[in-house]
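Residue numbers (the numbering used here): 15 to 227. All residues carry an ideal CB built from backbone N, CA and C; glycine is no exception.
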Amino acid sequence: MKLKFLSLIAIISLVSCGKKEETKTDSTSVTDTVKVEETPITIPDSATIAKAWEDFMTPGEPHKMLALENGTWNEEMTMWMEPGAEPMKNTMTAESKMIYGDRYQETIHKGEFMGMPFEGKSTLAYNNASQEYTSTWIDNMSTGIMVISGKYDEATKTINFSGTTVDPVTKKEKAIRETYTIVDKNTRKMEMFDVDFSGKEYKSMEIIMTRKK
Numbered sequence: 015m016k017l018k019f020l021s022l023i024a025i026i027s028l029v030s031c032g033k034k035e036e037t038k039t040d041s042t043s044v045t046d047t048v049k050v051e052e053t054p055i056t057i058p059d060s061a062t063i064a065k066a067w068e069d070f071m072t073p074g075e076p077h078k079m080l081a082l083e084n085g086t087w088n089e090e091m092t093m094w095m096e097p098g099a100e101p102m103k104n105t106m107t108a109e110s111k112m113i114y115g116d117r118y119q120e121t122i123h124k125g126e127f128m129g130m131p132f133e134g135k136s137t138l139a140y141n142n143a144s145q146e147y148t149s150t151w152i153d154n155m156s157t158g159i160m161v162i163s164g165k166y167d168e169a170t171k172t173i174n175f176s177g178t179t180v181d182p183v184t185k186k187e188k189a190i191r192e193t194y195t196i197v198d199k200n201t202r203k204m205e206m207f208d209v210d211f212s213g214k215e216y217k218s219m220e221i222i223m224t225r226k227k
């Protein structure tokens, strides 16, 4: 700033004197040395670390909510391959149970898709540390693992998931979104949102799950 101010004064002086002189720019740069204060590292004591891990590993109320999914479900599936496409209808069944000491929910989905046997597995967890839900998905018609995370909205009884996946066609990463709604004791609704090749989001799938009695 100081160099710029002095240059401005010099130009004004030349103009006022009616003289034209060639100005030279000093290429020498001045670097100010800023002292960075180091933040002291606080190392928790052993009791604090042990308590944190105990809290992390102990199932709580969110895990009890996951356990309410235990049982067999009939699934009515509707899919849209692209925006405005004719819906494709299908039916499947799902078996849900809690695993690893009621810490995770595992669901096996079976049926037929486009005339071929289909099987998929979802794992749903509530992470006590991040305080959010994480869902993974694998099936026999892909070679990837889908991972999405989200928060539970008590007002709407909905878990709002989001994440990314790699499109098999473009080989590029794209955003995906899912909503999982607890409609009532024996009904669930899952909605999946994809993006088309222009990047516009659209609803790609809806599954209505009804508990088998």
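Check, Outcome
"Per-residue DSSP class, three states only, for residue 109", "strand"
"Where residue 139 sits in the DSSP three-state scheme", "strand"
"Alpha carbon of residue 208 to alpha carbon of residue 98, nearest angstrom", "13 Å"
"Whole-angstrom C-beta distance between residue 164 and residue 146, which should lie under 8 Å", "6 Å"
"Extent of the continuous alpha helix (DSSP H) to which residue 9 belongs", "For the chain, the structure presents residues 15 to 227; residue 9 sits outside this window and is missing."
"For residue 121 and residue 137, the rounded distance between their alpha carbons", "6 Å"
"Where the alpha helix (DSSP H) through residue 79 begins and ends", "75-81"
"Three-state secondary structure (DSSP) of residue 131", "strand"
"Any 3 or more C-beta pairs closer than 8 Å across the segment 192-212 and the segment 51-69", "no"
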